[in-house]
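K.L.:
Can you read through this structure? Questions will come right after.
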Amino acid sequence: MEFDTIVVGAGTAGCVLATRLSEDPGRRVALIEGGADYSQFRNMPDDVKYLGDRPAVLRPGADLSLDWGYVATPAAGRPTVRLPRGKVIGGTGSINGRVFLRAFPSDFAEWVSAGNPDWSFEKVLPWYRAIETDLDFRNEYHGRSGPIRVSRTFRHDWSPEDHAFEEACLAMGYPAGDDLNAPDAEPVGPTPSSSQDGTRWSSARAYLAMARGRSNLTVIPDTSVHRVLFDGGLTVRGILTAAGTVIEAPEVIVSAGALSSPYLLMHSGIGPADHLREVGVQPLADLPGVGRNLRDHPNIILSWTRSGQAPERLRSRALNDSLGLASGLRVRFTAEASDIVDDCMIRSFGSTVMEGTGDGGVGVRMAVALSQETSSGSVRLTSSEPSTLPSVELDFLATADDRSRMRSAVRTGLELAGHKSIRQYVDIPLNPTPDDLADDAAFDSWMRRSVATGHHLTSTCAMGPDPDAGAVVDQYGRVHGTEGLRVADASIMPKCIRPNTQCTTMLIGERIADFVRSQHR
Numbered sequence: 277m278e279f280d281t282i283v284v285g286a287g288t289a290g291c292v293l294a295t296r297l298s299e300d301p302g303r304r305v306a307l308i309e310g311g312a313d314y315s316q317f318r319n320m321p322d323d324v325k326y327l328g329d330r331p332a333v334l335r336p337g338a339d340l341s342l343d344w345g346y347v348a349t350p351a352a353g354r355p356t357v358r359l360p361r362g363k364v365i366g367g368t369g370s371i372n373g374r375v376f377l378r379a380f381p382s383d384f385a386e387w388v389s390a391g392n393p394d395w396s397f398e399k400v401l402p403w404y405r406a407i408e409t410d411l412d413f414r415n416e417y418h419g420r421s422g423p424i425r426v427s428r429t430f431r432h433d434w435s436p437e438d439h440a441f442e443e444a445c446l447a448m449g450y451p452a453g454d455d456l457n458a459p460d461a462e463p464v465g466p467t468p469s470s471s472q473d474g475t476r477w478s479s480a481r482a483y484l485a486m487a488r489g490r491s492n493l494t495v496i497p498d499t500s501v502h503r504v505l506f507d508g509g510l511t512v513r514g515i516l517t518a519a520g521t522v523i524e525a526p527e528v529i530v531s532a533g534a535l536s537s538p539y540l541l542m543h544s545g546i547g548p549a550d551h552l553r554e555v556g557v558q559p560l561a562d563l564p565g566v567g568r569n570l571r572d573h574p575n576i577i578l579s580w581t582r583s584g585q586a587p588e589r590l591r592s593r594a595l596n597d598s599l600g601l602a603s604g605l606r607v608r609f610t611a612e613a614s615d616i617v618d619d620c621m622i623r624s625f626g627s628t629v630m631e632g633t634g635d636g637g638v639g640v641r642m643a644v645a646l647s648q649e650t651s652s653g654s655v656r657l658t659s660s661e662p663s664t665l666p667s668v669e670l671d672f673l674a675t676a677d678d679r680s681r682m683r684s685a686v687r688t689g690l691e692l693a694g695h696k697s698i699r700q701y702v703d704i705p706l707n708p709t710p711d712d713l714a715d716d717a718a719f720d721s722w723m724r725r726s727v728a729t730g731h732h733l734t735s736t737c738a739m740g741p742d743p744d745a746g747a748v749v750d751q752y753g754r755v756h757g758t759e760g761l762r763v764a765d766a767s768i769m770p771k772c773i774r775p776n777t778q779c780t781t782m783l784i785g786e787r788i789a790d791f792v793r794s795q796h797r
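Shown next as structure tokens:
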């Protein structure tokens, strides 16, 4: 088989890339996905069709065939962390919590400062508009005819707990607004969602569905890619599948996500040369940044037993499994004494079915996240055999600065919970307990035990001009030192953006597709 462009990974960015590139009828595009393809909405598994604000594969009884099975190697004093990554058409966007927040202008200012001038907020805003149909607002910041349907829950449909959360935030001095995707958004508001009428709008459903009838687009599901192939030197000639099939193309765009993209590059000989030799892979291009700089939003769940009668919707455990956390509100803020603006976020105060809450099993919880960590993890090969998953290390709260700011964020969450509007719902503290907060040492020990992934993995193929400084791709997604090879997914973010990553990963797909079409090659 021979094509003009191969896109490896039919995920959040990959489906966008394949759709946009195949708009040129003269370009033969192959979209390769390791998981199953569901071309019709009616045939999709329920975990892909419907909603929840945690990854679908973490739901009890979930279809684990939709997950690649990654886990993070536990550090001292921490539990093993599952890292759900979607093994299905649409990738992780088909199983995620469907949050559709944009990155802040300050995030893009940092990308520009890192040597990527074509990623300023002013330059990317048209692509944010092109992605969405958001009919809630009529202004220059929102699109009205894009593939992704965006919705949010407004005040008249909020639960009593949502109103209580907003009241507590206002009392603490955090202003509220309706549009968290506005560049000057207030800190508190309802979360935008890539959903409509209770169903998920992933890039597979929204973008790829538009392109499936094109004769120049071939979707190849259930096919793992073992290596990118080069024709002498470092010029791309195609890929090798797990079945031993060679698929040829002069251009390969790796869009496999923050864990699988560096894994594929390293198995192809692109990465830290010393590490590749250690595991028996012949290095072709020494790029030390491949697999390093793994970023996320470290996340801690605060929980209490619930005071009073549980909401009717939680009487059914099965229904609760589909809902996940109850609330659609969140607040962003800056940790005490932090030099990083808007480095923390709290979301989803609400009632939910929980273990350890006594009769009825209903508790209350809220999630506290560090939106800008200074710690980082890594992705490393454990074998030269491509069918072996890599080792993933998430070094959450490794720096004193991260621990200090997370302590501040947790204290803000506890202060919110102590406000009279929320206090009526909370009873006995479960996590943390008073003993967990006895002093900073106890606090830090509790945080190490409690911290988990925010499911927003990024930056393992970071974008920038200087490979010696850790950059893997230039601002057009081209892998340094190679010809015809690009990366386009969340792995190219120089560091994790402050909000959730789904929307901006689609933006990356749009932007890199435009660079390819504009002959930035």
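The sequence shown begins at 277 in the working numbering and counts up one residue at a time. Using N, Cα and C, we set each Cβ at its ideal position, and we do this for glycine too.
1) Beta-carbon within less than 7 Å of residue 396's beta-carbon, same chain only, minus the 5 sequence neighbours each way: which residues are those?
2) Indicate whether residue 644 and residue 580 have their beta-carbon atoms separated by less than 7 Å.
3) Counting Cβ pairs closer than 8 Å, one from the region 691 to 706 and one from the region 732 to 740, do we hit at least three?
4) Rounding to the nearest angstrom, what Cα-Cα distance links residue 439 and residue 433 in this structure?
5) Less than 7 Å between the C-beta atoms of residue 424 and residue 482, yes or no?
6) Do residue 451 and residue 608 have their CB atoms nearer than 7 Å?
7) Mapping DSSP to helix, strand and coil, what is residue 477?
8) Alpha carbon to alpha carbon, how far is residue 763 from residue 679?
9) Using only alpha-carbon positions, find the residue among 677, 441 and 476 that is nearest to residue 625.
10) Near residue 403, what residues of its chain come up, given a Cβ to Cβ distance below 6 Å and the 5 sequence neighbours on each side ignored?
11) Quick check on the DSSP output: the alpha helix (DSSP H) that includes residue 537 runs from which residue to which?
12) Distance, Cα to Cα, residue 457 vs residue 522?
13) In or out: residue 347 buried (at least 16 other Cβ within 10 Å) or exposed?
14) Tell me which residue opens and which closes the alpha helix (DSSP H) that residue 308 is part of.
15) Quick one: grab the DSSP three-state call for residue 844.
16) Are the beta-carbon atoms of residue 408 and residue 419 separated by less than 7 Å?
17) Keeping to the same chain, check which residues put their C-beta closer than 6 Å to that of residue 507; ignore five residues upstream and five downstream.
18) Given this structure, state the Cα-to-Cα distance separating residue 655 from residue 548, to the nearest angstrom.
19) How long is the line joining the alpha carbons of residue 774 and residue 741, rounded to whole angstroms?
20) Kindly identify the DSSP beta-bridge partner or partners of residue 494.
21) According to DSSP, what are the bridge partners of residue 437?
22) Which first and last residues belong to the alpha helix (DSSP H) in which residue 699 is found?
23) Considering residue 717, what are the terminal residues of the alpha helix (DSSP H) in which it resides?
24) Is residue 376 buried or exposed, if buried means 16 or more other CB atoms sit within 10 Å of its CB?
25) Taking the Cβ atom as the reference point for each residue, do residue 345 and residue 500 lie within a distance shorter than 7 Å?
26) Run through the region 318 to 379 for me and flag every whole beta strand (DSSP E) of 3 or more residues, listed as ranges in chain order.
27) Look at the alpha carbon of residue 466 and the alpha carbon of residue 444, and state the distance between them as a whole number of angstroms.
28) Taking residue 541 and residue 652 to be in contact with their CB atoms under 8 Å, please state how far apart those CB atoms are, rounded to whole angstroms.
29) According to DSSP, is residue 791 part of a helix, a strand, or is it coil?
30) Quick check on the burial criterion: 16 or more other C-beta atoms within 10 angstroms. Buried or exposed for residue 649?
31) For a quick check, are the C-beta atoms of residue 728 and residue 284 less than 7 Å apart?
32) Tell me which same chain residues have a C-beta within less than 7 Å of the C-beta of residue 413, skipping the five on either side of it?
33) Could you pull out every unbroken alpha helix (DSSP H) segment of at least 4 residues lying fully inside the region 547 to 576, listed in chain order?
34) Could you compute how far the alpha carbon of residue 305 sits from the alpha carbon of residue 667?
35) Under 7 Å between the Cβ atoms of residue 279 and residue 532?
P.N.:
Judging by the given coordinates:
1) For the purposes of this step, residue 396 is taken as the residue at position 120 of the sequence shown. 384 and 388.
2) Here residue 644 corresponds to residue number 368 of the sequence shown, with the count starting at 1. Here residue 580 corresponds to residue number 304 of the sequence shown, with the count starting at 1. It is not a contact, given that the beta carbons lie outside the stated cut-off.
3) no
4) Within the sequence shown, residue 439 is the residue found at index 163, counting from 1. Within the sequence shown, residue 433 is the residue found at index 157, counting from 1. If I take the Cα positions, the gap works out to 10 Å.
5) Working through the sequence shown from its first residue, we reach residue 424 at position 148. Working through the sequence shown from its first residue, we reach residue 482 at position 206. Cβ distance < 7 Å, so residue 424 and residue 482 count as in contact.
6) Mapped onto the sequence shown, residue 451 falls at position 175. Mapped onto the sequence shown, residue 608 falls at position 332. Their beta carbons are not under 7 Å apart, which means residue 451 does not touch residue 608 by this criterion.
7) Within the sequence shown, the letter at position 201 stands for residue 477. DSSP places residue 477 in coil when its eight states are reduced to three.
8) One-based indexing of the sequence shown puts residue 763 at position 487. One-based indexing of the sequence shown puts residue 679 at position 403. The alpha-carbon atoms of residue 763 and residue 679 are separated by roughly 32 Å.
9) Start at 1 with the first residue of the sequence shown, and residue 625 comes out as number 349. Of the listed residues, the one whose Cα sits closest to residue 625 is 441.
10) Working through the sequence shown from its first residue, we reach residue 403 at position 127. Cβ within range, chain order: 783, 786 and 787.
11) Counting from one through the sequence shown, the residue named residue 537 turns up at place 261. It spans 533 to 543 - the alpha helix (DSSP H) in which residue 537 sits, taken as one unbroken run.
12) As a working note, residue 457 is residue 181 in the sequence shown. As a working note, residue 522 is residue 246 in the sequence shown. So the alpha carbons of these two residues sit roughly 43 Å apart.
13) For the purposes of this step, residue 347 is taken as the residue at position 71 of the sequence shown. With fewer than 16 Cβ atoms within 10 Å of its Cβ, residue 347 is classed as exposed.
14) For the purposes of this step, residue 308 is identified with residue 32 of the sequence shown, where counting begins at 1. Taken as a continuous stretch (DSSP letters only), residue 308 belongs to no alpha helix (DSSP H), being part of the beta strand (DSSP E) at 305 to 308.
15) Because the chain in this structure spans residues 277 to 797, residue 844 falls outside the shown range and cannot be described.
16) In the sequence shown, counting from the first residue as 1, residue 408 sits at position 132. In the sequence shown, counting from the first residue as 1, residue 419 sits at position 143. It is a contact, given that the beta carbons lie within the stated cut-off.
17) Your numbering for residue 507 matches position 231 in the sequence shown. Once the five neighbours on either side are set aside, the close Cβ partners of residue 507 are 513.
18) Residue mapping note: residue 655 aligns to position 379 of the sequence shown, counting from 1. Residue mapping note: residue 548 aligns to position 272 of the sequence shown, counting from 1. Straight-line Cα distance between these residues: approximately 11 Å.
19) For the purposes of this step, residue 774 is taken as residue 498 along the sequence shown, with counting starting at 1. For the purposes of this step, residue 741 is taken as residue 465 along the sequence shown, with counting starting at 1. If I take the Cα positions, the gap works out to 23 Å.
20) The count along the sequence shown starts at 1 and reaches residue 494 at position 218. According to DSSP, which records beta bridges pairwise, residue 494 is partnered with 306.
21) By 1-based counting over the sequence shown, the position of residue 437 is 161. Paired residues: none, contrary to the question.
22) If you number the sequence shown from 1, residue 699 lands on position 423. Where residue 699 is concerned, the enclosing alpha helix (DSSP H) stretches over 696 to 699.
23) Numbered from 1 along the sequence shown, position 441 holds the residue referred to as residue 717. Residue 717 -> alpha helix (DSSP H) spans 716 to 726.
24) Indexing the sequence shown from 1 puts residue 376 at position 100. Buried is the call here.
25) Here residue 345 refers to the residue found at position 69 of the sequence shown. Here residue 500 refers to the residue found at position 224 of the sequence shown. Contact flag unset, no.
26) 347 to 349
27) Here the question's residue 466 lines up with position 190 in the sequence shown. Here the question's residue 444 lines up with position 168 in the sequence shown. Those two C-alpha atoms are separated by around 15 Å.
28) Counting from one through the sequence shown, the residue named residue 541 turns up at place 265. Counting from one through the sequence shown, the residue named residue 652 turns up at place 376. About 18 Å separates the two Cβ atoms, so there is no contact after all.
29) Taking the sequence shown and counting its residues from 1, one reaches residue 791 at position 515. It is helical.
30) One-based indexing of the sequence shown puts residue 649 at position 373. Looking at its Cβ environment, which holds 16 or more other Cβ atoms inside 10 Å, residue 649 is buried.
31) Against the sequence shown, residue 728 aligns to sequence position 452. Against the sequence shown, residue 284 aligns to sequence position 8. No, the pair does not count as a contact, with Cβ atoms beyond the cut-off.
32) Indexing the sequence shown from 1 puts residue 413 at position 137. Taken in chain order, the residues that qualify are 455.
33) 549 to 554
34) Translated into positions along the sequence shown, residue 305 becomes position 29. Translated into positions along the sequence shown, residue 667 becomes position 391. Computed Cα separation, rounded: 32 Å.
35) Counting from 1 along the sequence shown, the entry for residue 279 is found at position 3. Counting from 1 along the sequence shown, the entry for residue 532 is found at position 256. Contact flag unset, no.
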